[in-house]
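Below you'll find the structure, written out as structure tokens, and then a few comments.
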Amino acid sequence: MADREAVKQALRAQKIELPSWAFGNTGTRFKVFAQPGVPRTPQEKIADAAQVHKYTGVAPSVAVHIPWDKVDDYRELAAFAADAGTAIGTVNANVFQDDDYKLGSVANPDPAVRRKALDHLLDCVDIMDATGSRDLKLWFADGTNYPGQDDIRARQDRLAEALHTVYQRLGPDQRMLLEYKLFEPSFYTTDVPDWGTSLLHCLALGPQAAVVVDTGHHAPGTNIEFIVAILLRAGRLGGFDFNSRFYADDDLMVGAADPFQLFRILYEVTAAGALGPEAGIAFMLDQCHNIEPKIPAQIRSVMNVQEATAKALLIDTEALATAQQNGDVLGANAVLMDAYNTDVRPLLAQLREDMGLEPDPIAAYHRSGYGEKITADRIGGTPASWGS
Ligand code: RM4
Ligand code: MN
């Protein structure tokens, strides 16, 4: 049986990064529903993210998205984050919301557009230097809508060239994380549609490039934990963008649609010994809270990742190995299911008490009055939203 204290130690070591954009107003292309108290500035988003860390104790950084979180002075922003009790984490580049990018960004047939996109990516590395961020996360909307629209191989060449230039610009402790997504907004071809394409680019670039698995970016039925195992084996799993999907890129709360899948993914991580920070796996959330209140939704998401991780850590690995070795199919499966069916909430409540936190982070947040305070204080200004 897994040792409870060791499980708690491992859970303490896991750090979950929050997305700044989760705190702004978001929606679908049909409607963005405004919520009261939503941040109007990057600083207010960071303050809200700090609340999530305050009550969970395991979410000590917030990813920024540029230009949504554009400020004049990024050193100052990093200092602000530190004062608020958090830190700036991954820098996300945005080369998908400008009219110039209609035919793509770094894979665009027009060299002037490619240059503009590349300059933005290089600017993002400057921001990382100022904030002390380790990771640059790249997701490209690039692709085509119609057969014949552009040359598939030429687009890959252009993409590779841009990635190479950015890679050369990275400092020795910085990494490039390349995300993939099977489709949307491009419907015929997407330039980085899957982990294989991402991995090929990363392998060509060098050891500081790794793949990001956004759990929402796969076709229904994809065995994501298999992808995770393969990338871990290759030493090229850079991190996760966690969220839940029912259909496509839904960006719902992680662990909400399929907690069993999340458990299976985290089992691959724990089995590879890749939970702690030294393994360099970034556990990020990439979510939007369109109809639910944002700060409690982020707290819930962090708790969901912790619950799945705790269950993965509770797997009796010795019993599992024995059953596997003996070809005991049902026995091996039962070992996994025993762990999955364990109620880990008391263990996590205990862990929080050990850490000097309230056992129920959501209740503690509600009791704090922070939600009421931001609703009263944040009057006027423009609430942060998709695209700003
Ligand atoms: C993309 C991708 C990126 C995220 C944006 C908001 O679909 O998942 O990681 O930065 O959405
Ligand atoms: Mn993502």
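Its first residue numbered 56, the sequence shown is counted upward by one per residue in the numbering used here. Glycine residues also receive a C-beta, built at the ideal position from the N, C-alpha and C atoms.
Three-way DSSP call (helix, strand, coil) for residue i in this model
i	result
P437	What sits at residue 437 in the sequence shown is Thr, not Pro. Coil, per DSSP.
V87	strand
S253	helix
T111	helix
F151	coil
A284	helix
D184	helix
V117	strand
D174	helix
Extent of the continuous beta strand (DSSP E) to which residue i belongs
i	result
M231	230-234
E72	71-74
M339	337-340
F295	292-297
K157	K157 -> no beta strand (DSSP E), and no H or E assigned at all.
L193	190-193
When the options are compared against residue i, the one with the closest alpha-carbon
i	options	result
V357	P416, T325, G411	P416
G436	T81, E99, P74	E99
G140	A148, A172, D103	D103
Q316	I350, L391, H344, L292	L391
S440	H120, I71, L73, E60	H120
L193	Y420, V180, A259	V180
Y395	L321, I336, D128	L321
F195	R169, I285, L260, H421	R169
V126	H219, T111, I143, L218	I143
N-terminal and C-terminal residue of the alpha helix (DSSP H) that residue i is part of
i	result
T430	425-432
D212	207-224
A365	349-368
V62	59-68
A289	No alpha helix (DSSP H) holds A289; DSSP gives it neither H nor E.
CB contact below 8 Å: residue i versus chain D
i	result
I429	Among the protein chains of the structure shown there is no chain D, as only one such chain exists.
Report task. Mind listing, in chain order, the continuous alpha helix (DSSP H) runs of no fewer than 4 residues lying wholly within the region 299-328? Result -> If only complete runs of 4 or more residues are kept, the region 299-328 shows the alpha helix (DSSP H) at 314-326, in order along the chain.
**Report entry** Contact between the region 152-159 and the region 89-104 (3+ Cβ pairs under 8 Å)
**Finding:** No, the region 152-159 is not in contact with the region 89-104.
Query raised in the report: Taking three-plus beta-carbon pairs below 8 Å as touching, is the region 124-136 in contact with the region 183-191?
Result: Between the region 124-136 and the region 183-191 there are three or more C-beta pairs closer than 8 Å, enough to call the two in contact.
Requested in this report: Please determine if the region 332-343 and the region 57-67 are in contact, where contact requires at least 3 C-beta pairs separated by less than 8 Å.
Outcome: The region 332-343 is not in contact with the region 57-67.
Requested in this report: Let me know the alpha helix (DSSP H) ranges lying completely inside the region 382-413, each 4 residues or longer, listed in chain order.
Outcome: Counting whole runs of 4 or more residues, the region 382-413 contains the alpha helix (DSSP H) stretches 384-395, 400-409.
Requested in this report: Would you be able to state if there are at least three C-beta pairs under 8 Å between the region 164-174 and the region 209-227?
Outcome: Cβ pair count under 8 Å is three or more, so yes.
Query - In chain order, each alpha helix (DSSP H) run of at least 4 residues that lies wholly inside the region 120-151 - result: Contiguous alpha helix (DSSP H) elements confined to the region 120-151 occur at 129-139, taking only those with 4 or more residues.
Report task. Could you tell me whether the region 269-276 touches the region 223-240, where touching means 3 or more Cβ pairs closer than 8 Å? Result -> Here the region 269-276 lies against the region 223-240, with 3 or more beta-carbon pairs under 8 Å apart.
Query raised in the report: Hey, is the region 388-407 in contact with the region 364-378, meaning 3+ C-beta pairs nearer than 8 Å?
Result: Yes, the region 388-407 is in contact with the region 364-378.
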